[in-house]
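Just so we're on the same page, my numbering is the position in the sequence shown counted from 1, plus 175. Positions of the beta carbon are idealized from the N, C-alpha and C atoms, including for glycine.
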Amino acid sequence: MKKGDFVLKEEVEVVFEKRVTPFGNSAKVDVPKRYIGWRAYVIVVRD
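Put into structure tokens, the structure is as follows:
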């Protein structure tokens, strides 16, 4: 990806900012149950 603006051309329901937490040998980000089955975009940024 290039530096610059990020444009998502889909209808956005909500945007979450969550902390990534450990989960076994992996990691996870929790979201409310009502979004089970929905597609999600995860954008990883440096802290």
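Legend entry - Residue from Arg221, Lys203 and Tyr216 whose Cα sits closest to the Cα of valine 182: Tyr216
Legend entry - Cβ-Cβ distance between arginine 194 and valine 204 below 9 Å: yes
Inset, instruction - Compare the C-alpha of arginine 209 against each of Arg221, Glu185, Gly179 and Val189 and name the closest. - result: Val189
Inset, instruction - Jot down the residue ranges of each uninterrupted beta strand (DSSP E) in the stretch 183 to 211, minimum 3 residues, whole runs only, in chain order. - result: 196 to 198 and 201 to 203
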